[in-house]
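One gets the numbering used here by counting positions in the first sequence from 1 and adding 126 to each. Here a beta-carbon is modelled for each residue, glycine too, at the ideal position from N, C-alpha and C. Beneath this line is the structure, given in structure tokens, with notes to follow.
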Amino acid sequence: MSKKFPEYKGLDLSAINKSVLKLWEGEGTFEQSLKAREGQPSFIFFEGPPSANGMPGIHHVMARTIKDVICRYKTQKGFQVHRKAGWDTHGLPVELGVEKSLGITKEDIGKRISVAEYNQACRKDVMKYTDMWEDLTEKMGYWVDMEHPYITYDNRYIETLWWMLKELYKKGLLYKGYTIQPFSPAAGTGLSTHELNQPGCYKDVKDTTCTAQFKVVRDETSDFLYADCDTEVYFLAWTTTPWTLPSNTALAVGPSVTYVRVRTFNPYTGEPVTVVLAKDLVGAYFNEKNADLDLDAYQAGDKKLPFKVLDEFSGSTLTGVRYEQLIPWIQPDGDAFRVIPGDYVTTEDGTGIVHIAPTFGADDDRVAKVAGIAPLVLMDREGKRQPMVDRSGKFFLIKDLDDAFVKQFVDVKAYSEFAGRFVKNAYDASLSDEDATLDVDLSVMLKKENKAFRVEKHVHNYPHCWRTDKPVLYYPLDSWFVKTTAMRERMMELNNTINWKPESTGTGRFGKWLENLVDWNLSRSRYWGTPLPVWRSEDGSAEVCIGSVEELMQEVDKAVKAGVMDKHPFPDFKPGDFSSANYDKIDLHRPFVDDIILVSEDGKPMYRELDLIDVWFDSGAMPYAQMHYPFENKDSLPFPADFIAEGVDQTRGWFFTLHALGTMLFDSVAFKNIISNGLVLDKKGNKMSKRLGNAVDPFKVIEDYGSDPLRWYMMTNAQPWDNLKFDLSGVDEVKRKFFGTLYNTYSFFSLYANVDGFKGTEAQVPVAERPEIDRWVISLLNTLVKDVHAAYDQYEPTRAGRAIQDFVTENLSNWYVRLNRKRFWGGAFNQDKLAAYQTLHQCLETVALLAAPIAPFYMEQLYRDLQPEGQTASVHLALMPEVVETLIDKGLEERMAYAQQISSMVLALRRKVSIKVRQPLQKIMVPILDARFEAQLEAVKDLILNEVNVKELEYLKESTGVLVKTIKPNFKSLGPKYSKLMKPIAAAIGAMTAEDIAAFESAGSFSVEVNGEKLQLLPEDVEIISEDIPGWLVANEGRITVALDITISEDLRQEGYARELVNRIQNLRKDSGLDVTDKIRLQIQRHAALDAAVEKHRTYISSQTLADDLQLVDTCNESGAISVELESELETIIAIEKL
RNA sequence: AGUCCUGUAGCUCAGUUGGUUAGAGCACUACACUGAUAAUGUAGGGGUCCGCAGUUCAAAUCUGCGCAGGACUACCA
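Here it is, written out as structure tokens:
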């Protein structure tokens, strides 16, 4: 028995999901898709590693669908597409998870739990959810090789990182320096920005703030400030952290900000002063009402402070002006106490002049460095340079400082009074909030010295340590850096060659990020991560960066020989053996690497720098580390990637580290094409979170709907880079609208194909010999193939999906199938019918191929169901269909569009006068605009008449004399020619009479006079249409007008009855459970109004209902006879019997 | 605070190089169709194209200034 096209009872996409998964698993389809492309060009893809210590969410389905779509598409285009899965296993979230589950804090590490045990716990914990991830990956249909993933904690992975770090080191791109970082004195540790962004870290606090007076040194550059001035001149600068004032070494002004000089008095001492501040902020310090007060009448202590604005100047004229050190306890070593430009200075608060303490502010440090200003640093007893505050949060004690330094730079008498004071009371266990703070005492001192202009409490937002709940300090800390700034230009150049989707992320967010690049701070003071492979002697004179395990082994041997180490920690490791068994003998994590002490050339012991490196280095290194490059795959590294995709939040994360490392190590981009997708929000547009309970469980959605509607919805609802407001009803809509329609279309096809024994192997009817409507849908199909390829090629899956969906629902189902139903049922299996099957079959198969990347499950089933006997290949191994340009016929597409439009207009007219479509009508009339239009219409005439059940189509031409024409200006044509005259021209055209229009048409041009100018209007300047036919029922849409003859003759009425009868009989057949092919005997009870109609259309009725025997009977009382109403007041009885 | 994205019907989204009547689907209402039938079609209502200003003969579209939502980066006197 020959194969039949499977028929289904209903569409259960969830069940299809499961059965197709089983099929893939049984056949090893994914492996086959790689094997089948062996020797073909590669399409290189990098998988960004997710962290497996969290549950996968619906947003992961989004990112992975994009990746999967592109990879499957490229496979179908003949490329071999390897996809290696990966796991990101290091980093803070892992540590936090472990600490939570073990119930410990960082302080316990090394005490209650050893570092080795802790790291062991991390190693185990990080893979906690891998099962879930693998499960989701499989169910959603994401094809990626999970059998051989790369894992960032693997020793071989780390070894590649070490090699890379050494390469950077050799190029001089790895260095140790300091930056200002958030630091918690209470916890004694630096904090990452990640930690500062924990909820609740930023709190409003009330601090003492101080506006200090910095006395201007009178010299050549500052002379203009002393012009016409009877007092000393001061800069005013505001700070919320007065304890940083002793570390002040500069003042910053905004170069384009306007400043003023104000003559007034110090409110605390009553001394006459002249102060400088931003013009916009005068109002914040002086009451406008006091501007007129007499300066001479002022008495110290008066509430009302008189002032007088002397003059104004720009910030740039102030730069370079010197001032006296405000609190001269300690001298800086270098240039200081100068006004410098600061790009970030605003006039929103303070005075518009910013106090700069380079040791306590990141911006401060940056602008000071640019201007060549020295920071205020101290030398401790160990010879290390320190800020004025030590790591416990207090001013350094003099006894802790280097003697020579104290002698040279410190005013011991003045400083002693404050040495040892904590900068925040929270750091000193003996103090409470009630006690006077250092800020207060300093401010009081400044008041007395005529150096404070205003002191007040101020509420502001300040970060706190999430562990100790105490305020953080911004503090200079030693760190290792990658000198990314050295390669900035090259990175920008290479970035310009990358195809970003959307483009703005590449040029905007990423491009701007590169422009403002700072060096990459690699250091992290943690336990679970890739250790920095740098060993140093204690005095810093000797240093070695290790680039491989083998090199480490050799150095260890030296160290053992020199007696620096007792024994070799990894004696069994065999260099050159890259098996996992060999690498399992070692551990490159802490604490093991910390225990290794190396020896310098001159015999000094060297200890490892305790830092771990940023986990982003791990992920950015994946192109090389996943292949254990260069130790393995030295000459076959797949690089750079043709394509990557990840969330837009990775711009400064993975995208940057990939790009930076690719540029610095290989002078190459790391990826050529990239899609950065937006977020998945809930349906109200809020961020999804477990806490709010609005997170969508991907497993449940897939179980309920299957993956295909979910994937389709995600790809087509919005562009991937726009945020997606995830709404389950949208998934449901996709299921009904797209998959439901496609399924129905296939069901229709298989039902009749099986009845007729269509196999799909018959010789093709040449397209040229197929009917107009077949050639039309084939034309559209080829246009679709072209458009979909273009969309995929441009990394725009949304456009591809929308185009496919539109074709299926609108053109294929709603028009092609609906108009062709009669060709499929009944009648002989002739060439016309064969053409219909072949056309529909080809459309369905092509859709399956085009849509397979997005909806891999259903398209797999559909494609296989459509294959002729003996062919069972997967759609995912098949090649994409080629577009056949010669089959695209735009003229045909145009006239079919006319047919659709006219049909819909006629149906609308019928509705208006309540005449059913089953009732035939005699005539429609269409005004003909030009010869081409007539020809186009003639070709689709039968389709229209059939669809709207009308007998004839009449073309109305000039000669018939019934046309009423109207004329409209064509702005697109007129605009460029006459621009300014447009309005009067439009009015003139509107005023044209029927005669004018006729004259215009016959002459081919028309002259109008507008504003005294004579103009020649040409045919393309206007649109002439006929939108009314007097005395007829008329519809008008755009250029097309249709009139309908609604008189119903006796003939027409009888034919209408016949069709009504057929309809009732068909219903009865169906209700009686008859098969589509069953023949019947039919009885109709006589009825005066009907008999003639039945006799006249006997053949028609019989053939439509498969009635081999039709009898008109006087009384019909067969069992199963029913009464039917054909129109109101017209009833009869019919009966059928299966033969 | 900076950079970027988004803002069009009740909801989700289209809207070409600016062209004068701004579209589709869903939802809603009414009607029709009926051997694709747990389907389908037709029609209808529904718009301050976020606001203001500008450029232009002409702006949803271009420019500027705002507003709202979101993301990232930073956290500053």
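Bounds of the alpha helix (DSSP H) holding Thr201 are 184 to 202. Lys1094 and Leu1079 have their C-alpha atoms some 27 angstroms from each other.
Taking 8 angstroms as the cut-off, the Cβ atoms of Tyr600 and Phe486 count as close. Secondary structure within the stretch 714 to 788: the alpha helix (DSSP H) runs of 4 or more consecutive residues, fully enclosed, are 741 to 746, 748 to 751 (chain order).
The shortest CA-to-CA distance from Ala821 to any of Lys809, Asp830, Glu829 is the one to Lys809. Put simply, the stretch 487 to 507 does not touch the stretch 338 to 358. Fewer than three CB pairs are less than 8 angstroms apart.
A check of alpha carbon separations from Ala162 across Glu173, Val207, Leu564 identifies Val207 as the nearest.
If you draw a straight line from the Cα of Arg1195 to the Cα of Ile1262, it comes to about 8 angstroms. In this structure, Arg734 places its C-beta atom within 8 angstroms of the C-beta atom of Asp720. Along the stretch 1008 to 1071, the beta strand (DSSP E) occurs as fully enclosed runs of 3 or more residues at 1047 to 1053, listed in sequence order.
Annotation for Tyr869: Leu137 place their beta carbon closer than 7 angstroms to its own, counting only its chain and skipping 5 residues before and after. For the set Tyr831, Asp537, Tyr541, Arg344, the Cα lying nearest the Cα of Val857 is the one of Tyr831.
The bridge partners DSSP lists for Thr1092 are Ile1151. It is roughly 12 angstroms from the alpha-carbon of Val359 to the alpha-carbon of Val447. Cβ contact annotation for Lys863 (same chain, cutoff 7 angstroms, sequence separation greater than five): Thr935, in chain order. Taken through DSSP and simplified to helix, strand or coil, Ser1175 comes out as coil. Between Pro589 and Pro175 a beta carbon distance of about 30 angstroms is seen, past the 8 angstroms cut, so the two are scored as non-contacting. Membership of Pro1145 in any beta strand (DSSP E) is not indicated, and neither H nor E is assigned to it by DSSP.
Rounded to whole angstroms, Glu1186 and Glu1149 show a C-alpha spacing of 43 angstroms.
As the crow flies, the alpha-carbon of Trp1158 is around 7 angstroms from that of Asp1171. Looking only at Phe782, Ser667, Pro695, Ala767, the smallest Cα-Cα distance to Glu727 is reached by Ser667. Taking every protein chain shown into account, the CB of Val1202 has fewer than 16 other CB atoms within 10 angstroms, so this residue is exposed. The DSSP-derived three-state label of Glu221 is helix.
Minimum Cα-Cα distance from Lys959 among the listed residues Phe950, Gly204, Arg716 corresponds to Phe950. Residue environment for Tyr244: buried (at least 16 other C-beta atoms within 10 angstroms of its C-beta). Rounded to the nearest whole angstrom, the C-alpha separation of Leu407 and Ala363 is 12 angstroms. Looking at the backbone, the Cα of Val1043 and that of Gly154 are separated by about 53 angstroms. Using a Cβ distance threshold of 8 angstroms, Gly303 and Arg517 do not count as a contacting pair. Non-local C-beta neighbours of Phe757 in its own chain, meaning closer than 8 angstroms and more than five positions away in sequence, comprise Arg282, Glu285, Thr286, Trp289, Ser674, Phe704, ordered along the chain.
For Asn799, the enclosing beta strand (DSSP E) begins and ends at 797 to 803. When the alpha-carbon of Ile1041 is set against those of Gly1017, Ala1025, Val1076, the nearest one is in Val1076. Here Gly773 is actually not in contact with Asn812; their C-beta atoms are around 17 angstroms apart, not less than 8 angstroms. Annotated three-state conformation of Pro513 is coil, per DSSP. A residue is called buried once 16 or more other Cβ atoms fall within 10 Å of its Cβ, and Lys1140, having fewer, is exposed.
Closest by C-alpha distance to Met188, out of Val943, Leu262, Ser145, is Leu262.
Excluding residues up to 5 positions away in sequence, Phe983, Glu986, Gln987 lie with their Cβ nearer than 7 angstroms to the Cβ of Val146 in the same chain.
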